[in-house]
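For the sequence shown, the residue numbers in full-length UniProt numbering are 1 to 170. Don't be surprised by glycine CBs; every beta carbon is placed ideally from N, CA and C. Here the structure comes first, spelled out in structure tokens, and everything after it is commentary.
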Amino acid sequence: MKKNNSSLSEQQKFMKMAIAEAKQARILDEVPIGAIVVHDGQVIGRGHNMREKFQDVTYHAEMLAIMEACTNLGSWRLEDCDLYVTLEPCIMCSGAIINARIKNVYYGAADPKAGAVDSLYHLLSDSRLNHQVNVHSGILGDECSQMLKNFFREIRRRRKEARRKNKTNL
1 MKKNNSSLSE
11 QQKFMKMAIA
21 EAKQARILDE
31 VPIGAIVVHD
41 GQVIGRGHNM
51 REKFQDVTYH
61 AEMLAIMEAC
71 TNLGSWRLED
81 CDLYVTLEPC
91 IMCSGAIINA
101 RIKNVYYGAA
111 DPKAGAVDSL
121 YHLLSDSRLN
131 HQVNVHSGIL
141 GDECSQMLKN
151 FFREIRRRRK
161 EARRKNKTNL
């Protein structure tokens, strides 16, 4: 984790807000990922996964939080903003983060299958791009990771139960 100006308790406070967004996604039976954008210590954008509800691949938590932040600031430039997200951003979301010129990204759990910040790619720190982002990983990482593990465990349990029920109905 890189050093930064915000305290660990402040980082945890904001990550807990992102976790609350992830829990909203879970209620909707969406993958529980949440994000918030912070400017001058105030939350100006919130989002949680909504892909299933809207059947739109771009409805990731980060994208929705960034869109709301842009609306609230009246600008697509989020240069003095921080993004807190429960899961390491993917390629699409990393592109939006770079293009919005977000200053810091704080994420909870690593994403070994699709992470474009540290796991598979290092887009936010790529010096070939026009903007680099400070990355801070592992903020409440165990809690963020466990939420995802529980969600997918429940999905697998439901699928197994449905297959078993289908076999008995044949």
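1. May I have a chain-ordered list of the alpha helix (DSSP H) segments no shorter than 4 residues that lie completely inside the UniProt domain "CMP/dCMP-type deaminase" (9–118)?
2. With a threshold of 6 Å on Cβ separation, who are the neighbours of L87 within its own chain once the five nearest residues in sequence on each side are excluded?
3. Starting from N169, trace the alpha helix (DSSP H) in both directions and tell me its first and last residue.
4. Taking just the CA atoms, how far does A61 sit from V117?
5. Would you call the segment 84–103 and the segment 56–70 touching, i.e. three or more CB-CB distances under 8 Å?
6. Between K3 and K103, what straight-line distance do the alpha-carbon atoms span, to the nearest angstrom?
7. Suppose the cutoff is 6 Å on Cβ atoms and the five residues either side in sequence are ignored; what does the same chain contact list for G95 look like?
8. Are the beta-carbon atoms of residue 174 and P89 separated by less than 8 Å?
9. Given a cut-off of 8 Å, decide if E21 and I36 are closer than it, judged by their beta-carbon atoms.
Inspection of the coordinates gives the following:
1. 51–54, 61–73, 91–100
2. I33, A109, D111
3. 141–169
4. 16 Å
5. yes
6. Low confidence applies to K3: its pLDDT is 42, below 50, so where it sits in the model is not reliable, and the reading given next is rough at best. When rounded, the distance between both Cα atoms is 13 Å.
7. none
8. This structure cannot settle anything about residue 174, because the visible part of the chain is limited to 1 through 170.
9. In contact: I36 and E21 (Cβ atoms closer than 8 Å).
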